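So the sequence shown is numbered by our numbering: it starts at 5 and just counts up by one.
Each remark here refers to the structure printed beneath this line.
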Amino acid sequence: MNREKMEIILQKIKEYNRIIIFRHFRPDGDAIGSTKGMREILKLSFPEKEIYLLNSDYSDYLEFLGGEDEPIADELYSEALALVLDTGSENRISNKKYKLCREIAKIDHHIDHQPYGDYCWIEEEKSSTCEMVAEFYYTFRAELKINKEAATYLYLGMVTDSGRFRFNSVDGDTMRYAGMLLDEGIETDKLFANLYIKDFEELKFQSYVYKKMKVTENGVAYIFVDKAMQKKFDLTSEQASACVSHLESIRGSLIWAAFIENAEKKEIRVRLRSRFVTVSEVAERYRGGGHACAAGATLLAKKEIKTILSELDERLKNYKENNEGWI
Ligand code: AMP
């Protein structure tokens with residue numbers, strides 16, 4: 005079944021002379037890794053085709069991976085295949101010009117609540133879209149080519165989206181594809197240094213987060229990063245929102261959340277994470293979605309922080325009462 009879907013996507017790639025690759029806005033390692041990895045594989049495998057990676061935003065944190073393509077004329081979209089990676093819903097596609105493309109092929113691992121696209125290969129249980137692109141390469145390796153650069157992009161997305169291979173979504177295949185990519189000669193020491201070394205100021209912000217974090221009655225850990233805090237540490241919204249990961253290892257806090265006040269609009273971005281407990285359904289009620297244990301939402305007013313926290317608290321309470329073995 006999935007093999008058939010993959011074959012259709014490969015067929016479509018072969019049919020088109022121009023392929024434009026898209027991803028979600030506010031990109032993470034998987035969005036950037038999968039699109040850059042796929043772009044490289046397609047360029048190597050089909051040198052006669054025009055392959056573009058065109059988006060409308062980027063990530064400072066992943067700047068070390070290099071940029072994407074310069075904008076092209078709108079007319080060029082109409083004859084192209086849009087290949088959308090790692091993007092669960094249409095409204096999250098970074099570059100809205102995907103609509104100008106003739107057809108849409110989609111590869112993704114998000115929960116598929118708002119289906120879109122003409123040819124889709126979606127596997128919600130996969131640890132990353134990068135793993136799917138690695139599998140795509142492996143399945144059609146007789147026709148496709150890979151190199152160290154493409155392997156590095158894909159490996160980065162696999163590492164970051166799986167919490168460094170810690171999440172339950174990691175299975176034997178994940179490690180087998182990771183092994184295949186490592187065989188291309190990835191410089192893991194350089195890659196991990198780029199991903200995880202922090203500036204002095206970032207660590208100071210981290211210690212401030214620990215000072216200011218709170219916990220609800222049943223253990224939901226959270227931090228509200230207001231505009232003042234962002235100004236105090238001179239943070240971009242990307243740097244501010246990265247703080248959700250600082251709350252991930254608190255015993256008994258199986259759910260944790262960061263609320264990031266938007267510097268321009270009245271909105272508050274929510275980043276939700278959990279272990280064992282599903283939180284995506286709560287995110288969906290607040291204009292969001294994502295994965296069972298990593299989701300995001302948007303609040304329209306500060307008072308919604310209280311309501312979402314009480315829903316999360318209730319969920320955690322129920323979970324703790326009805327399950328054993330949680331940590
Ligand atoms: P984030 O906290 O932004 O890293 O998001 C965690 C996961 O939830 C990612 O897979 C996102 O694609 C997804 N996500 C975040 N925000 C939203 C949203 N507003 N709607 C749907 N999915 C989201």
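Every residue gets a Cβ at the ideal spot worked out from N, C-alpha and C, and that includes glycine.
Predicted model, so just to flag it, every value in this text is computed and none were measured.
Residue environment, residue i, which counts as buried when at least 16 other CB atoms sit within 10 Å
| i | result |
| --- | --- |
| Gln118 | exposed |
| Glu135 | buried |
| Arg43 | buried |
| Tyr214 | exposed |
| Leu251 | buried |
beta-carbon residue i near ligand 1 non-hydrogen atom, thresh 7 Å
| i | result |
| --- | --- |
| Ser241 | no |
| Arg32 | The sequence shown places Asp at residue 32, rather than the Arg named in the question. Yes; taking the cut-off as 7 Å, the Cβ of Asp32 has a heavy atom of ligand 1 nearer than that. |
| Gly292 | yes |
| Thr302 | yes |
| Gly92 | yes |
| Ala296 | no |
| Ala299 | yes |
| Arg279 | no |
Separation of residue j from residue i, as counted between CA atoms
| i | j | result |
| --- | --- | --- |
| Tyr274 | Ile264 | Checking the sequence, you will find Val at residue 274 rather than Tyr. Near 6 Å, if we compare the C-alpha coordinates of Ile264 and Val274. |
| Trp330 | Arg255 | 9 Å |
| Met10 | Lys208 | 46 Å |
| Phe332 | Glu205 | Past the edges of the chain, shown from 5 to 331, lies residue 332, and the structure says nothing about it. |
| Asn6 | Ala138 | 14 Å |
| Leu46 | Phe280 | 38 Å |
| Arg22 | Ile115 | 29 Å |
Proximity winner among the options, relative to residue i (alpha-carbon distances)
| i | options | result |
| --- | --- | --- |
| Asp267 | Gln243, Asn99, Leu48 and Tyr159 | Note on identity: in this sequence residue 267 is Ala, with Asp being the wrong assignment. For Ala267, the nearest C-alpha among the options comes from Gln243. |
| Gly37 | Tyr159, Leu58 and Leu80 | Tyr159 |
| Trp125 | Lys40, Phe169, Leu87 and Asn198 | Leu87 |
| Gly121 | Glu94, Glu127 and Thr133 | Glu94 |
| Leu185 | Leu251, Tyr123, Val163 and Cys247 | Val163 |
| Ala298 | Ala305, Arg277, Gly292 and Val281 | Arg277 |
Residues that residue i bridges to, as DSSP identifies them
| i | result |
| --- | --- |
| Ser278 | Ile259 |
| Trp125 | Ile111 |
| Leu87 | Ile25 and Ala109 |
| Ile227 | Ala262 |
| Gly294 | Ala299 |
| Leu57 | Ile25 |
Test: residue i CB closer than 8 Å to a CB of chain B
| i | result |
| --- | --- |
| Phe196 | Checking the listed chains, one finds no chain B in this structure; it contains a single protein chain. |
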